[in-house]
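Chemist:
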Amino acid sequence: MAELRCAGLAKSYGTRLVLSDLDLVVPAGTLTAILGASGSGKTTLLRLIIGFITPDEGTIMLGDNVVANAGGANVAPDKRSIGYVAQEGALFPHLTVAENVAFGLPRAERKSSARIGEALDLVGLSQEYAGRSPHELSGGEQRRVALARALAPRPRIVLLDEPFSGLDASLRTETREAVVNALALEGTTAVLVTHDQAEALSMGREVALLRAGRLVQTATPTSLYRDPVDLDVAHFIGEAVVLPGTASAGVVECALGRLDVRTPNLEGAVQVMIRPEQIQLTTGGVRAEVVDHVYYGPETIVRLVLADDSRTPILAKSFAQDVPAAGEIVNVAVTGPVAAYPPQ
Amino acid sequence: MRRRSLTNPFSTIPLELLAVCIVVAILVALPVGITVVQAFQGGISAIRDALSASSSSTLLVHTVLLAAAATPVAGVIGVAGAWFVERTKLPFRQVWALLLVAPLTVPLFVTSYAWATLGQPLQGFWGAAGIVAFSYYPIIYLLVAVALRGLDPALEETARALGLNARQTFFRVVLPQLRPALLGGLLLVALDALVEFDAFVALKFQTFSSDIYAQYRLGFSISGAAALSFFSILICLVFLFGEARLRGNANYTRVSQGARRATTRYELGKWLIPVMAGLGAVIAVSVGIPIAMLIKWFSESTSAGVSMAAANTKYLFPASVTSIGLGLGAALVAILFAFPIAILAVKHKGPVVTILERATYLSFALPDLVAAIALSYAASHWVPSVYGSFGLLVFAEAILFTPFAVVAIRATLGQIEPALEDSARALGSSSLRALWRVTMPLARPGFVAAAVLVFAFVLGDLSTAQVLLPLNLYTLGTEFQANSSTVAFAAAAPFAAVLIVLAMAAAYVLMSRFGKVRSVGDG
Numbered sequence: 003m004a005e006l007r008c009a010g011l012a013k014s015y016g017t018r019l020v021l022s023d024l025d026l027v028v029p030a031g032t033l034t035a036i037l038g039a040s041g042s043g044k045t046t047l048l049r050l051i052i053g054f055i056t057p058d059e060g061t062i063m064l065g066d067n068v069v070a071n072a073g074g075a076n077v078a079p080d081k082r083s084i085g086y087v088a089q090e091g092a093l094f095p096h097l098t099v100a101e102n103v104a105f106g107l108p109r110a111e112r113k114s115s116a117r118i119g120e121a122l123d124l125v126g127l128s129q130e131y132a133g134r135s136p137h138e139l140s141g142g143e144q145r146r147v148a149l150a151r152a153l154a155p156r157p158r159i160v161l162l163d164e165p166f167s168g169l170d171a172s173l174r175t176e177t178r179e180a181v182v183n184a185l186a187l188e189g190t191t192a193v194l195v196t197h198d199q200a201e202a203l204s205m206g207r208e209v210a211l212l213r214a215g216r217l218v219q220t221a222t223p224t225s226l227y228r229d230p231v232d233l234d235v236a237h238f239i240g241e242a243v244v245l246p247g248t249a250s251a252g253v254v255e256c257a258l259g260r261l262d263v264r265t266p267n268l269e270g271a272v273q274v275m276i277r278p279e280q281i282q283l284t285t286g287g288v289r290a291e292v293v294d295h296v297y298y299g300p301e302t303i304v305r306l307v308l309a310d311d312s313r314t315p316i317l318a319k320s321f322a323q324d325v326p327a328a329g330e331i332v333n334v335a336v337t338g339p340v341a342a343y344p345p346q
Numbered sequence: 018m019r020r021r022s023l024t025n026p027f028s029t030i031p032l033e034l035l036a037v038c039i040v041v042a043i044l045v046a047l048p049v050g051i052t053v054v055q056a057f058q059g060g061i062s063a064i065r066d067a068l069s070a071s072s073s074s075t076l077l078v079h080t081v082l083l084a085a086a087a088t089p090v091a092g093v094i095g096v097a098g099a100w101f102v103e104r105t106k107l108p109f110r111q112v113w114a115l116l117l118v119a120p121l122t123v124p125l126f127v128t129s130y131a132w133a134t135l136g137q138p139l140q141g142f143w144g145a146a147g148i149v150a151f152s153y154y155p156i157i158y159l160l161v162a163v164a165l166r167g168l169d170p171a172l173e174e175t176a177r178a179l180g181l182n183a184r185q186t187f188f189r190v191v192l193p194q195l196r197p198a199l200l201g202g203l204l205l206v207a208l209d210a211l212v213e214f215d216a217f218v219a220l221k222f223q224t225f226s227s228d229i230y231a232q233y234r235l236g237f238s239i240s241g242a243a244a245l246s247f248f249s250i251l252i253c254l255v256f257l258f259g260e261a262r263l264r265g266n267a268n269y270t271r272v273s274q275g276a277r278r279a280t281t282r283y284e285l286g287k288w289l290i291p292v293m294a295g296l297g298a299v300i301a302v303s304v305g306i307p308i309a310m311l312i313k314w315f316s317e318s319t320s321a322g323v324s325m326a327a328a329n330t331k332y333l334f335p336a337s338v339t340s341i342g343l344g345l346g347a348a349l350v351a352i353l354f355a356f357p358i359a360i361l362a363v364k365h366k367g368p369v370v371t372i373l374e375r376a377t378y379l380s381f382a383l384p385d386l387v388a389a390i391a392l393s394y395a396a397s398h399w400v401p402s403v404y405g406s407f408g409l410l411v412f413a414e415a416i417l418f419t420p421f422a423v424v425a426i427r428a429t430l431g432q433i434e435p436a437l438e439d440s441a442r443a444l445g446s447s448s449l450r451a452l453w454r455v456t457m458p459l460a461r462p463g464f465v466a467a468a469v470l471v472f473a474f475v476l477g478d479l480s481t482a483q484v485l486l487p488l489n490l491y492t493l494g495t496e497f498q499a500n501s502s503t504v505a506f507a508a509a510a511p512f513a514a515v516l517i518v519l520a521m522a523a524a525y526v527l528m529s530r531f532g533k534v535r536s537v538g539d540g
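For the protein sequence lines, the chains are A and B, in the order given. Everything in the first sequence is counted per my numbering, starting at 3 for the first residue and increasing by one. Everything in the second sequence is counted per my numbering, starting at 18 for the first residue and increasing by one.
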């Protein structure tokens, strides 16, 4: 395992700037999720780290080695000792599971290495799988074998490119747990690239948000969710209610009352960002009218408008079994501190 | 989920690959270069004389008309055949597929003699156009069948859901997506028609190639023959770059490859009988005629000239050995030439790639005979040690059929998921090792298809062997030719029989391998 350090990375295709001024540090033995919409530059960043393309500016370091240096020496992908799990696994169809897992091992160890069984073990697959062909595996098993193949040569870092895409919800959760578990057992440094917020938040020690080729925020999942750097990030990470307000001395005054704010140095007119689960249907607080609701099983998203002249729309998340019907007047209150931003 | 395109327009071509491809392009274009030099050796006046001869313009018109008549017919047969085999519930699909591919591997000179014996009307323009159309449509069939398999069935389903019937879906959704494969196939057929010679050996129809042959054989004017070849080089260049323009950047087939659902096949219903009758007629014309003639020749030999046929059979074995050796050698060399070009064409884009890829088609710019003369001339003047050697013939056959090997290998390489090579690279394989350990095993069906295609073409080649075959050797083709020019075809029949048996075996392998690739999606 090794630390990954990208400094000042930039990459253009022709006149199109895909990545610019990108700094990223992934501490040894941890998993960082790179989260971004499609076209944000995720795949380009991944391919720069693996070495399929070279940066126009900046450097990439793995541990103490400079592996990519704009204008300087670039280490070939096969010399970087990087484990790579491609979308949908990319298992070699002409090889068995064992041969796939052994692919990156030194020639002498490929036939009968204890490491093959060990790697299968890591991802929670039994030895029975060794002789099977990739086409005899389910989608989730294919991803596990792909990870076992990446881990077998003990890489310094593992890169996962949307490794769970195309799996159904329950298989996704199960496979995700198997991957997190295997990475933790090996203590491998890992980078996960995804466009799925829940996946990034649940798997990453840190989440780095990539937008139009720039890393706009790198933070722990909780602080990224609760204290996003701007409103765009707030909306990208999850549902958000945004109201105008006035800040003063760590408190913000808005249509939902006087609320504690996480950014105490703001003063004057602000935009207040509240997560729907912070807005609760209670007995006290501000009056609002139910417009409709969307049922998700464990929780229900309730759409409301404030019962004043402003008719400001808001969202509340309810975990109660019974939710008020459309047209009912309810009381809402905010729990916990909120985020605030200067007006745009 | 987004799938990265296999072609990265911004990637730089590795220098080693570029160097190898340039060498291959030069080797394949060698006969064209030599021919141009030869043409000028006779002086400008000789060129002017050759071009202004009254027959030249007539033959030029003949040749272009022939290509214009044969190519669309081959296109319609190829596309229809591929669609019915790949997309409908036609019974005995495997058998139909085999029979539809078979004409490609039947030697053209055998077909030519077979058609000629059918009667006078077939010895002219229509016979010539018919032979070309019915012998070369399998090229289009194979390319279109592969493209059809690569199409995303969701597109057709969407079209049907939007209210289009099967016919409208075919013309508005399927056919536009087949454009790259179809144009590529039409190009190969048209180029072949322009320089074809073997197909017309038994006909009275004169084309450009026959005139060049006459210049060479009768007038023994190498520069005259070379000068005439200017026309074919020119037409070839127009076709090559015309097709590139038409094709544009369209590369639809690759968008949806990878894990695919099985396609739904249409019920033929009341069309079953007409469709089977139509396909049956195509096969009767293309394969039935040569085989029926072969049987007739055999029956003549038993009734009339048993002793004559028996006398010739002692040449059957050595001729078979030479033909098979020549075919295998040329197939190997052609694959070595074609593989780097196919890799270049699949993985890279840009003007350099287009020029190098197109350059391999220059072997179509000359009638085989002229190319053979050019190589023979060059060898005798500059490399006497290879002049008259078997190796030179192998080389000549290989470069003539390299474009077909490129097409076959490319059809497979294009379907290999790029993530597989990426994974191998990340697992510590150098690009060459990744090629060896991942790409080549997966592309094996493509190599087999390429080898079989070249092997079959070499077996069916006559004119190149006539010029370059060492004096003490004979092939099945030359022996067939030698014996058929005597009183009856009876003596030639055993040679044709071996050729057709080998051709059928080749067709079987070709049909089962062309454009296939091993993937996780296979059941």
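Note that CB positions come from ideal geometry on N, CA and C, so glycine has one too.
Looking only at its chain, what residues have a beta carbon closer than 6 Å to the beta carbon of arginine 260(A), apart from the 5 residues adjacent to it on each side?
Modeler: Result list for arginine 260(A): Val253, in chain order.
Chemist: If you draw a straight line from the C-alpha of proline 345(A) to the C-alpha of glutamine 273(A), how long is it?
Modeler: Cα to Cα, the separation comes out at about 6 Å.
Chemist: Taking the Cβ atom as the reference point for each residue, do serine 129(B) and aspartate 215(B) lie within a distance shorter than 8 Å?
Modeler: In this structure, aspartate 215(B) lies closer than 8 Å to serine 129(B) by Cβ.
Chemist: Spell out a yes or no on whether the stretch 477-490 of chain B and the stretch 69-84 of chain B are touching, meaning 3 or more CB-CB pairs, one atom from each, closer than 8 Å.
Modeler: The answer is no - the stretch 69-84 of chain B does not touch the stretch 477-490 of chain B, with fewer than three Cβ pairs under 8 Å.
Chemist: Answer with yes or no whether the minimum CB distance from serine 447(B) to chain A is below 8 Å.
Modeler: At least one chain A Cβ lies under 8 Å of serine 447(B).
Chemist: Identify whether proline 266(A) lies in helix, strand or coil by the three-state DSSP scheme.
Modeler: The answer is coil: DSSP assigns proline 266(A) none of H, G, I, E or B.
Chemist: Beta strand (DSSP E) containing valine 293(A): first to last residue?
Modeler: Taken as a continuous stretch (DSSP letters only), the beta strand (DSSP E) holding valine 293(A) covers 288-297.
Chemist: How many angstroms separate the CA atom of leucine 121(B) from the CA atom of tyrosine 153(B)?
Modeler: About 6 Å.
Chemist: According to DSSP, simplified to helix, strand and coil, what is glycine 74(A)?
Modeler: Coil at glycine 74(A), not helix or strand.
Chemist: Does the stretch 404-412 of chain B come close enough to the stretch 254-263 of chain B that 3 or more CB-CB pairs lie under 8 Å?
Modeler: Touching, no, given that fewer than three Cβ pairs across the two stretches are closer than 8 Å.
Chemist: Taking Cβ positions only, does glutamine 274(B) come closer than 8 Å to chain A?
Modeler: Model confidence at glutamine 274(B) stands at a pLDDT of 39, short of 50, so the residue's coordinates are unreliable and nothing is read from them.
Chemist: Can you find at least 3 beta carbon pairs, one from the stretch 151-167 of chain A and one from the stretch 75-93 of chain A, that sit closer than 8 Å?
Modeler: The answer is yes - the stretch 75-93 of chain A touches the stretch 151-167 of chain A, with three or more Cβ pairs under 8 Å.
Chemist: Buried or exposed for serine 140(A), going by 16 or more other Cβ atoms inside 10 Å?
Modeler: Exposed, because fewer than 16 other Cβ atoms sit within 10 Å of the Cβ of serine 140(A).
Chemist: What does the Cβ neighbour count give for glutamine 274(B), buried or exposed, with the cut at 16 atoms within 10 Å?
Modeler: Here glutamine 274(B) scores only 39 on pLDDT, less than 50, and its place in the model should not be relied on; the value that follows carries that caveat. Result: buried.
Chemist: Short check: CB of glycine 60(A) to CB of alanine 72(A), under 8 Å?
Modeler: The answer is yes: Cβ separation under 8 Å.
Chemist: With a threshold of 8 Å between beta-carbons, can proline 458(B) be considered close to chain A, or not?
Modeler: At least one chain A Cβ lies under 8 Å of proline 458(B).
Chemist: Excluding the 5 residues preceding and the 5 following glycine 31(A) in the sequence, name in chain order all residues of the same chain whose CB lies nearer than 8 Å to its CB.
Modeler: Once the five neighbours on either side are set aside, the close Cβ partners of glycine 31(A) are Met3, Gly189, Thr190 and Thr191.
Chemist: Would you tell me roughly how many angstroms separate the C-alpha atoms of lysine 331(B) and proline 511(B), rounded to the nearest one?
Modeler: If you take the alpha carbons of lysine 331(B) and proline 511(B), they lie about 11 Å apart.
Chemist: My guess is that valine 125(A) and arginine 146(A) are in contact by the Cβ rule of under 8 Å, so how many angstroms apart are they, rounded?
Modeler: That belief holds up - the Cβ atoms of valine 125(A) and arginine 146(A) are roughly 4 Å apart, short of 8 Å.
Chemist: Could you name the residues of the stretch 73-96 of chain A whose beta carbon sits closer than 9 Å to any beta carbon of chain B, in the order they occur along the chain?
Modeler: The stretch 73-96 of chain A vs chain B, Cβ under 9 Å: Ala78, Pro79, Asp80, Lys81, Arg82, Ser83, Ile84, Gly85, Tyr86, Val87, Ala88, Gln89, Glu90, Gly91, Ala92, Leu93, Phe94, Pro95 and His96.
Chemist: Between the stretch 95-116 of chain A and chain B, which residues of the former have a C-beta closer than 7 Å to a C-beta of the latter?
Modeler: Residues passing the 7 Å Cβ filter: Pro95, His96, Phe105 and Gly106.
Chemist: What are the residues that DSSP puts in a beta bridge with serine 320(A)?
Modeler: Serine 320(A) pairs with Thr302(A).
Chemist: Any heavy atom of the ligand FMN within a distance shorter than 7 Å of the CB on alanine 522(B)?
Modeler: Looking at this structure, you won't find the ligand FMN or any other ligand, since it has none at all.
Chemist: Which residues does DSSP list as the beta-bridge partners of isoleucine 62(A)?
Modeler: Answer by DSSP bridge pairing, in chain order: Cys8(A) and Ala70(A).
Chemist: Which first and last residues belong to the alpha helix (DSSP H) in which aspartate 232(A) is found?
Modeler: Run containing aspartate 232(A): none; DSSP gives neither H nor E here.
Chemist: Which residue's Cα is closest to the Cα of isoleucine 239(A): Pro223(A), Val99(A) and Pro246(A)?
Modeler: Among Pro223(A), Val99(A) and Pro246(A), the Cα nearest to that of isoleucine 239(A) is on Pro223(A).
Chemist: Establish whether the CB of proline 155(A) and some CB of chain B are separated by less than 8 Å.
Modeler: At least one chain B Cβ lies under 8 Å of proline 155(A).
Chemist: Are the CB atoms of leucine 476(B) and leucine 493(B) nearer to each other than 8 Å?
Modeler: Yes, they are a contact pair.
Chemist: Taking the alpha-carbon positions, what's the isoleucine 36(A) to glycine 168(A) distance?
Modeler: Looking at the two C-alpha atoms, the distance is approximately 19 Å.
Chemist: Please classify valine 534(B): does DSSP put it in a helix, a strand, or coil?
Modeler: Valine 534(B) falls in the coil class under three-state DSSP.
Chemist: Report yes if the CB atom of proline 170(B) is closer than 8 Å to the CB atom of threonine 88(B), and no otherwise.
Modeler: No; because the gap between Cβ atoms is not below 8 Å, this pair is not in contact.
Chemist: Out of Asp232(A), Ala221(A) and Leu317(A), state which residue places its alpha-carbon closest to the alpha-carbon of proline 29(A).
Modeler: Selected option, being the one with the closest Cα: Ala221(A).
Chemist: In chain order, what residues of the same chain have a beta carbon less than 7 Å from the beta carbon of leucine 76(B), not counting five sequence neighbours either side?
Modeler: Answer for leucine 76(B): Gln223, Thr224, Phe225 and Asp228, listed in chain order.
Chemist: In its own chain, which residues sit with a C-beta less than 8 Å from the C-beta of glycine 119(A), not counting the 5 before and 5 after it?
Modeler: Cβ within range, chain order: Gln129 and Ala132.
Chemist: Does any C-beta atom of chain B lie closer than 8 Å to the C-beta of phenylalanine 54(A)?
Modeler: Phenylalanine 54(A) counts as touching chain B.
Chemist: Rounded to the nearest angstrom, how far is the Cβ of glutamine 58(B) from that of alanine 391(B), given a contact under 8 Å?
Modeler: At roughly 12 Å, the Cβ-Cβ gap does not stay under 8 Å, so glutamine 58(B) and alanine 391(B) are not in contact.
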